[in-house]
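Student: The sequence shown begins at 319 in this note's numbering and counts up one residue at a time.
C-beta: ideal position from N, C-alpha, C; glycine also.
Since we're looking at a predicted model, the values are computed, not measured.
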Amino acid sequence: MRARQSRPSVARVYSYVLGGRDNYGVDKDLGDYFIEDLPGSELLAITNRNAILRAVRVMAEAGIRQIIDMGCGLPASTNVHEVLRLAQSDARVVYVDDDPFVVAHGRALLAVDEAIAVVEADIRDPGSIEKHADVQRLINFDEPVGLLFGITLSLVNDEEDPAGVVQYWIDRIPSGSKIFLTHFRSGTSREAIATANKILEAFGRGRFRTDPEILACFGTLSPDEDGLRPCAQWRPEPSDSEAHQPALTVWEELVVGGMATKP
Ligand SMILES: C[S@@+](CC[C@H](N)C(=O)[O-])C[C@H]1O[C@@H](n2cnc3c(N)ncnc32)[C@H](O)[C@@H]1O
319 MRARQSRPSV
329 ARVYSYVLGG
339 RDNYGVDKDL
349 GDYFIEDLPG
359 SELLAITNRN
369 AILRAVRVMA
379 EAGIRQIIDM
389 GCGLPASTNV
399 HEVLRLAQSD
409 ARVVYVDDDP
419 FVVAHGRALL
429 AVDEAIAVVE
439 ADIRDPGSIE
449 KHADVQRLIN
459 FDEPVGLLFG
469 ITLSLVNDEE
479 DPAGVVQYWI
489 DRIPSGSKIF
499 LTHFRSGTSR
509 EAIATANKIL
519 EAFGRGRFRT
529 DPEILACFGT
539 LSPDEDGLRP
549 CAQWRPEPSD
559 SEAHQPALTV
569 WEELVVGGMA
579 TKP
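Written out as structure tokens, the structure reads:
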């Protein structure tokens, strides 16, 4: 019998839209709403996830061997440490999430060896993450660090200071470190408004920000030469299905990403 859960979780709904199986009926209902009532909206999740994995590849090629994934989500078909280790076999990854369901699944499926940890923590409290024993054990702040904020800052309200969260880390990471940040982008289309309203209604939080507001989330850094752009267009590779589309859909316009490097 399927377990019951009264509220959907952002991690489980996102995972369901990406084809994952770890969800409850309430998550599936919301995921199906996006897939069936807002057809095409699954591209928000798909193009975001693909861009995250490309960003990890870019970090690995730049020599980064350690990543903290802030709001990592449920294990996916391809995970951050798997991509990073294609280029950096001794890579260390700390996955962080505040959802105990994510942490339990992550510990079972992602923490395959001593160099990977899954930490339960709130990204809005970066000090607690920095002090965490697994971060102290696995992350060397004298060596470039990769930081991922995949959609998570969209779930941080203005008064919770998303730029301050990122700046905390900018002030601690050494030169050569990279931050990849993706974010829901506000729009005036029917689709944009319906999606933003549904996310806010379902999860009680969720900010679709303008490009200037998202750029402000980079704190004192700015995106590298690729700039802030729709995830589908952030360094697409020939193998990505979205790379072959002649124009972006209205959905693909709604999630953007950018990478910044600490000088
Ligand atoms: C939409 S999923 C994105 C997963 C992954 N970052 C990606 O882009 O593929 C957002 C994740 O952020 C987590 N999250 C949301 N707010 C958080 C917070 N304040 N602290 C830690 N994790 C958070 C959720 O539990 C969820 O797993």
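Straight-line CA distance for ARG320 to ARG525?
Tutor: Numbered from its first residue, the sequence shown carries residue 320 at position 2. Numbered from its first residue, the sequence shown carries residue 525 at position 207. Because the pLDDT of ARG320 is 46, which lies under 50, any placement of that residue in the model is unreliable, and the number read from its coordinates should be weighed accordingly. Approximately 31 Å between the Cα atoms of the pair.
Student: Beta strand (DSSP E) containing GLN454: first to last residue?
Tutor: On the sequence shown, residue 454 is found 136 positions in, with the first residue counted as 1. No beta strand (DSSP E) holds GLN454; the alpha helix (DSSP H) holding it covers 451-456.
Student: Would you say the beta carbon of GLY389 comes nearer than 7 Å to a heavy atom of ligand 1?
Tutor: For the purposes of this step, residue 389 is identified with residue 71 of the sequence shown, where counting begins at 1. Because some heavy atom of ligand 1 lies under 7 Å away, the Cβ of GLY389 counts as near it: yes.
Student: Is any heavy atom of ligand 1 found at a distance shorter than 7 Å from the C-beta of ARG367?
Tutor: On the sequence shown, residue 367 is found 49 positions in, with the first residue counted as 1. True, at least one ligand heavy atom lies under 7 Å from that Cβ.
Student: For ligand 2, is there any heavy atom lying closer than 7 Å to the beta carbon of GLY468?
Tutor: Of the ligands one can find in the structure shown, namely ligand 1, none is ligand 2.
Student: Using only the heavy atoms of ligand 1, determine whether one of them is closer than 7 Å to the beta carbon of ARG442.
Tutor: Taking the first residue of the sequence shown as 1, we reach residue 442 at position 124. Checking the Cβ of ARG442 against ligand 1 gives yes.
Student: Quick one: grab the DSSP three-state call for ILE434.
Tutor: Within the sequence shown, numbered from 1, the residue matching residue 434 stands at position 116. Three-state result, ILE434: strand.
Student: Taking 6 Å as the limit between beta carbons, can you name the residues of its chain near LEU465, skipping five residues before and five after?
Tutor: Along the sequence shown, one-based indexing puts residue 465 at 147. Answer for LEU465: ILE386, TRP487, ILE497, listed in chain order.
Student: State buried or exposed for ASN341, treating a residue as buried only when at least 16 other CB atoms are found within 10 Å of its CB.
Tutor: The residue labelled residue 341 in the question sits at position 23 within the sequence shown. So ASN341 counts as buried.
Student: Return yes when at least one heavy atom of ligand 1 lies under 7 Å from the C-beta of VAL376, else no.
Tutor: Residue numbering aside, residue 376 sits at position 58 when the sequence shown is read from its first letter. Outside the cutoff, so no.
Student: Rounded to whole angstroms, what's the CA-CA distance from TRP552 to ASN366? Just pull it up for me.
Tutor: Translated into positions along the sequence shown, residue 552 becomes position 234. Translated into positions along the sequence shown, residue 366 becomes position 48. So the alpha carbons of these two residues sit roughly 10 Å apart.
Student: Which of helix, strand or coil does DSSP assign to TYR351?
Tutor: Position 33 of the sequence shown, counted from the first residue, corresponds to residue 351. In the structure shown, TYR351 sits in a helix (DSSP, three-state: H, G or I).
Student: The beta strand (DSSP E) spanning LYS496 covers which residue range?
Tutor: Working through the sequence shown from its first residue, we reach residue 496 at position 178. Per DSSP, LYS496 belongs to the beta strand (DSSP E) from 496-502.
Student: Whole angstroms is fine: what's the gap from ALA329's alpha carbon to VAL437's?
Tutor: Within the sequence shown, residue 329 is the residue found at index 11, counting from 1. Within the sequence shown, residue 437 is the residue found at index 119, counting from 1. Whole-angstrom Cα-Cα distance: 15 Å.
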